[in-house]
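The structure appears right after this line, and notes come after that.
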Amino acid sequence: MEIIIALAVVALLVLFFIAQYNRLIRLNIAVDESFAQIEVQLKRRSDLIPNLVETVKGYAQHEQSTFDAVVTARAKATTASGVADVAAADGMLTQALRGLLAVAEAYPDLKASSNFLSLQEELSTTENKVAFARQFYNDNVRNLNTAVKSIPTNFFAGFAKVTEREFYEVEDPQERNVPKVAF
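Residue numbers (the numbering used here): 38 to 220.
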């Protein structure tokens with residue numbers, strides 16, 4: 038009888054260990070997946086930019102410095118890796134897009150262009166998706182970091198090779214806002 042009780046206790050401990058380990062792995066994968074979703078939305082935004090630039094260029098040919106800033110920021114955004122680098126590149130691109138959209142304000146024909154209006158709507162939708170993806174990522178990071186720091190899962194974090202992750206933060210308060218795209 039004592040052997041059966043001892044085996045049951047050992048089995049419960051093994052099951053508890055497996056459950057905690059698997060929970061940490063699931064949380065870690067959720068963070069990776071949610072960061073990938075940020076990158077998907079940033080890629081979508083990045084793919085819209087050449088069309089937006091070309092549309093604006095047709096109306097505002099003398100605004101070359103603005104176009105160059107957008108192209109440079111887009112290039113940095115497409116090559117960034119890691120949470121901090123992606124966040125910094127994302128902020129830089131947002132600033133450049135603000136400049137581009139500000140240029141468009143000066144051209145009434147551009148603001149009335151159906152192609153530009155369509156691109157503007159796509160950009161606005163994409164910005165909303167980027168914001169949602171950032172929030173989803175940070176929610177998953179919070180859940181993972183809480184588990185890594187909380188008892189009893191903190192005892193299993195090292196074994197599962199799961200560590201705290203950094204939040205997606207935009208450093209410049211101006212960059213925290215979605216660019217104004219209302220014309």
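Where is the CB? At the ideal position from N, CA and C, for every residue including glycine.
The structure displayed is predicted, hence computed values, not measured ones.
Selection from the options that minimises the alpha carbon distance to residue i
i    : options                : result
V199 : I62, M38, E159         : I62
F173 : I75, M38, R60          : I75
D105 : D122, A184, Q132, D146 : Q132
G195 : R171, Y205, N65        : N65
D69  : S102, V46, G119        : G119
A124 : I42, E203, M38         : E203
L181 : I42, V46, A67          : A67
Same chain, Cβ closer than 7 Å to residue i, neighbours up to 5 away in sequence not counted
i    : result
I86  : V107, R111
E100 : V140
L130 : A110, R111, A114
Y205 : I75, V120, A124, R171, Y174, N175
Contacts around residue i, its chain only, beta-carbon distance under 6 Å, and the 5 residues preceding and following it disregarded
i    : result
L89  : L156
R82  : T163
A219 : Since pLDDT at A219 reaches only 45, below the 50 mark, its modelled position is unreliable, and no value is offered.
Run of the alpha helix (DSSP H) containing residue i, from where it starts to where it stops
i    : result
R202 : From DSSP, R202 is part of no alpha helix (DSSP H); its letter is neither H nor E.
Y144 : Careful: Y144 lies outside any alpha helix (DSSP H) and carries neither H nor E.
A45  : 39 to 96
Nearest-angstrom beta carbon gap, residue j and residue i [assumed within contact, 8 Å]
i   : j    : result
Q78 : A170 : 5 Å
Residue i beta carbon near the ligand SAH (any heavy atom closer than 7 Å)
i   : result
Q74 : By its list of ligands, the structure shown contains no ligand whatsoever, and the ligand SAH lies outside what it can speak to.
Touching by the beta-carbon criterion (3+ pairs, under 8 Å), the region 156 to 172 and the region 50 to 57: no
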